[in-house]
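Asker: Going by full-length UniProt numbering, the sequence shown opens with residue 1, and the numbers climb by one from there.
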Amino acid sequence: MPQIRKILVANRGEIALRIMRTAREMGIATVAVFSEADRRSPHVRYADEAVCIGAAASAESYLNIEKILKVCEDLGVDAIHPGYGFLSENAGFAKSVREAGLIFIGPSPESIEVMGSKLAAKHAASKYNIPMVPGTPDAIDDRDEAKRIANGIGYPILIKASAGGGGKGMRVVENEAELDEQMDRAVSEAQAAFGDGSVFIEKYITSPKHIEIQVLGDHHGNIIHLFERECSIQRRHQKVVEEAPSISITNEIREEMGRCAVDVARSCNYYGAGTVEFIMDESRNFYFLEMNTRLQVEHPVTEMITGVDLVKEMIAIAEGQPLGIAQEDLQIRGHAIEVRVYAEDAANHFLPDIGTLSTYVKPDGNGVRVDDGFEQGMEIPIYYDPMIAKLITYGEDREMATRKMVRAIDEYQITGVQTTLPFCRFVMQHEAFVNGSFDTNFVARHFHPDVLSTKTDEQSEGLAALISALLTDTSPEAKPVQNEEVTVQASKWKARRFAAH
Ligand code: MV4
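1) Out of E319, A347 and G307, state which residue places its alpha-carbon closest to the alpha-carbon of D329.
2) Need the endpoints of the alpha helix (DSSP H) that Y46 sits in, please.
3) Flag K67 as yes when its Cβ comes closer than 7 Å to any non-hydrogen atom of ligand 1, and as no otherwise.
4) With distances taken Cα to Cα, identify the nearest neighbour of I65 among V33, V44 and D48.
5) Roughly how many angstroms lie between the CA atoms of C424 and I201, to the nearest whole one?
6) Put I105 into one of helix, strand or coil per three-state DSSP.
7) In three-state terms, what does DSSP make of R266?
8) Can you tell me where the beta strand (DSSP E) holding K160 begins and where it ends?
9) In three-state DSSP terms, what is R21?
10) From the DSSP output, in three-state form, read off A408 for me.
11) Can you name the start and end residues of the beta strand (DSSP E) that G54 belongs to?
12) Identify whether S232 lies in helix, strand or coil by the three-state DSSP scheme.
13) Between M132, I153 and A192, which has its C-alpha nearest A161's C-alpha?
14) Out of Q327, G395 and Q321, which has the shortest C-alpha to C-alpha gap to H225?
15) Answer yes or no: the CB of G167 versus the heavy atoms of ligand 1, is any distance below 7 Å?
16) Please go through the same chain and pick out, in chain order, the residues whose beta-carbon is closer than 6 Å to the beta-carbon of H219, but skip the five residues on each side of it.
17) How should T22 be labelled, buried or exposed, when 16 other C-beta atoms within 10 angstroms of its C-beta is the threshold for buried?
18) How many Å lie between M183 and D48 at the Cα?
19) What do you reckon, is the C-beta of T396 under 7 Å from a heavy atom of ligand 1?
20) Does the Cβ-Cβ distance between K118 and G164 come in under 8 Å?
21) How should N38 be labelled, buried or exposed, when 16 other C-beta atoms within 10 angstroms of its C-beta is the threshold for buried?
22) Please classify I15 as buried or exposed, where buried requires at least 16 other C-beta atoms within 10 Å of its C-beta.
23) Could you check what DSSP says for A79 in three-state terms: helix, strand or coil?
24) Contact between the segment 241-258 and the segment 209-217 is defined here as three or more beta-carbon pairs at a separation below 8 Å; is this criterion met?
25) Can you have a look at S358 and say buried or exposed, based on whether 16 or more other CB atoms are within 10 angstroms of its CB?
26) E143 to H237, Cα distance in whole Å?
27) Return the bridge partner residues of F34 from the DSSP annotation.
28) Quick check on L421: does DSSP put it in helix, strand or coil?
29) Whole angstroms are fine: how far does the CA of T293 sit from the CA of G116?
30) For my contact list, I105 and A79 are in at a C-beta cut-off of 8 Å; report their separation, rounded to the angstrom.
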């Protein structure tokens, strides 16, 4: 395959910028495409060339395959990087790119298609000895058969949509009496959301940890893994905090999970960067769930602990180069944590908070990385995901990475919109996060609006910090509040919050 000279990034925001930076380092020219809402975005200015491809709505711009391919033709583009979201896991797009004589910087359309179906993914993976949650290997629609199987597995069970993602079409069933109704719901939800009503049954793991393995494969059959990311701190299937490595697994489990991830990738002849998702139960049994065939939002934590630039590897792989890294070359160094800074009000049910970034000052210093796509004065558009930035810290161990994160959060100045930063600070200082006794239920279990009124001694410190951070958010001149002022300030803040209802 030829050397890539010009890359079009079919994406926006922080990820478009992050990809272009590596391209530039590699001496590759960059092309941005943008919607009318993103005219003034940093990714547009950063690119060597930029073309407006349509209206703000994604369907008119970032999802408009024809327009994107036309720009490639007009500007002599060699390759397209899709980033994450948008067209990144669209097998049809990967195919069109290939048919247009361009290089898709990602896996084959066939890999995307297989892993896009959870059942097809399980079938592919079953060629290898990979642990999977007990359940049905095929789609199921017969209710009596479903009941027989559920009784065999034991309740609670989970009904999942084969075409599903992000928890959509998932239904927990506690006992046989609920099964018919929940199955009807899962099927119609899956049909409506994905145009495919196929569902299957799995044993429900009630308190899992979400651990995923980063893999890289080349066009010559070499596949390696770059260890795990722990992503259990999430809210409604939206990850909030990710870290690498996971403190919940031993080196033995790490190696075994890594081997399984490589086999999953091998089962669909994978090339490019991918992520194999596992859940782990309280007895540390892990199970393969699905594979994401894209560069993930949380990839920086893997880059920090391995020293590998994943985008650089993706580009080299797309050029047809054999992997320059062997499994034995890789080792984990230090610890990295990422928090996602969303324009959401964590104190108010995480409602999206759109507006203008009237103050936007990033943290800096040793061990701090900020991947963002906004600048002071910019508006957060309502059309896309409300993520403002990813804040990543790196330290020699988990405690140092956590300390750096708290320090960096305190340096971050954002006004004009409410952000999830205070919530992230709350997580960093929560006992369950510090000692590693958290799972995917962390937010539901430990964070609710009442956390402010039902404070205990151990919570009050984190609470004061939370309130302080919230106040800092809304008034940039505010000095850090002293302890005795906290109650007064808190009630003011609460009054404002309740007044909004
Ligand atoms: C599960 C599960 C428990 N048991 N499967 C959620 C989205 C999709 N990626 C799979 N998910 C889950 N599958 C069984 N058999 C729990 C979840 C789950 C979850 C998984 C990863 C990260 C966060 C989660 C939050 C809630 C539920």
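No residue lacks a Cβ here, since even glycine has one placed at the ideal position from N, Cα and C.
Answerer: Well, looking at it:
1) The residue you call residue 329 lines up with position 329 of the sequence shown. Of E319, A347 and G307, the residue nearest in Cα terms is G307.
2) Mapped onto the sequence shown, residue 46 falls at position 46. Note, Y46: alpha helix (DSSP H), P42 to Y46.
3) To locate residue 67, count along the sequence shown from 1; it is residue 67. Not so, every heavy atom of ligand 1 lies at least 7 Å from the Cβ.
4) Here the question's residue 65 lines up with position 65 in the sequence shown. Minimum Cα distance to I65 is reached at V33.
5) For the purposes of this step, residue 424 is taken as the residue at position 424 of the sequence shown. For the purposes of this step, residue 201 is taken as the residue at position 201 of the sequence shown. The straight-line gap from Cα to Cα measures roughly 34 Å.
6) Against the sequence shown, residue 105 aligns to sequence position 105. Coil, per DSSP.
7) What you label residue 266 is simply residue 266 of the sequence shown in a count that begins at 1. Here R266 sits in helix by DSSP.
8) In the sequence shown, counting from the first residue as 1, residue 160 sits at position 160. I157 to A161 is the extent of the beta strand (DSSP E) around K160.
9) Along the sequence shown, read from residue 1 onward, the residue named residue 21 stands at position 21. Of the three classes helix, strand and coil, the one that applies to R21 here is helix, per DSSP.
10) For the purposes of this step, residue 408 is taken as residue 408 along the sequence shown, with counting starting at 1. The answer is helix: DSSP assigns A408 an H, G or I state.
11) Start at 1 with the first residue of the sequence shown, and residue 54 comes out as number 54. Where G54 is concerned, the enclosing beta strand (DSSP E) stretches over E49 to G54.
12) As a working mapping, residue 232 is identified with position 232 in the sequence shown. Residue state, collapsed to three classes: strand.
13) Residue 161 sits at position 161 when you count from the first residue of the sequence shown. Looking at the Cα atoms, A192 is the closest of the given residues.
14) Here residue 225 refers to the residue found at position 225 of the sequence shown. Checked all of Q327, G395 and Q321; the closest Cα to H225 is Q327.
15) Numbered from its first residue, the sequence shown carries residue 167 at position 167. Yes, since a heavy atom of ligand 1 falls inside the 7 Å radius drawn around the Cβ of G167.
16) On the sequence shown, residue 219 is found 219 positions in, with the first residue counted as 1. Once the five neighbours on either side are set aside, the close Cβ partners of H219 are Y271 and G320.
17) Locating residue 22 in the sequence shown gives position 22, counting from the first residue. With 16 or more Cβ atoms within 10 Å of its Cβ, T22 is classed as buried.
18) Working through the sequence shown from its first residue, we reach residue 183 at position 183. Working through the sequence shown from its first residue, we reach residue 48 at position 48. Those two C-alpha atoms are separated by around 51 Å.
19) In the sequence shown, the residue the question calls residue 396 occupies position 396. Before going on, a small fix: residue 396 reads as Glu here, not Thr. False, no ligand heavy atom lies under 7 Å from that Cβ.
20) By 1-based counting over the sequence shown, the position of residue 118 is 118. By 1-based counting over the sequence shown, the position of residue 164 is 164. In contact: K118 and G164 (Cβ atoms closer than 8 Å).
21) For the purposes of this step, residue 38 is taken as the residue at position 38 of the sequence shown. In the sequence as displayed, the identity of residue 38 is Asp instead of Asn. Buried.
22) Translated into positions along the sequence shown, residue 15 becomes position 15. Its Cβ being crowded by 16 or more others within 10 Å, I15 is buried.
23) Within the sequence shown, the letter at position 79 stands for residue 79. DSSP places A79 in strand when its eight states are reduced to three.
24) yes
25) Taking the sequence shown and counting its residues from 1, one reaches residue 358 at position 358. It counts as exposed.
26) By one-based count along the sequence shown, residue 143 stands at place 143. By one-based count along the sequence shown, residue 237 stands at place 237. Checking the sequence shown, residue 143 turns out to be Arg, not Glu. Going by the C-alpha atoms only, they are around 28 Å apart.
27) For this step, residue 34 is matched to residue 34 along the sequence shown. F34 is bridged to C52.
28) Taking the first residue of the sequence shown as 1, we reach residue 421 at position 421. Of the three classes helix, strand and coil, the one that applies to L421 here is helix, per DSSP.
29) Within the sequence shown, the letter at position 116 stands for residue 116. Within the sequence shown, the letter at position 293 stands for residue 293. Roughly 8 Å between the two C-alpha positions.
30) Counting from 1 along the sequence shown, the entry for residue 105 is found at position 105. Counting from 1 along the sequence shown, the entry for residue 79 is found at position 79. Rounded, the Cβ-Cβ distance is 5 Å, consistent with contact.
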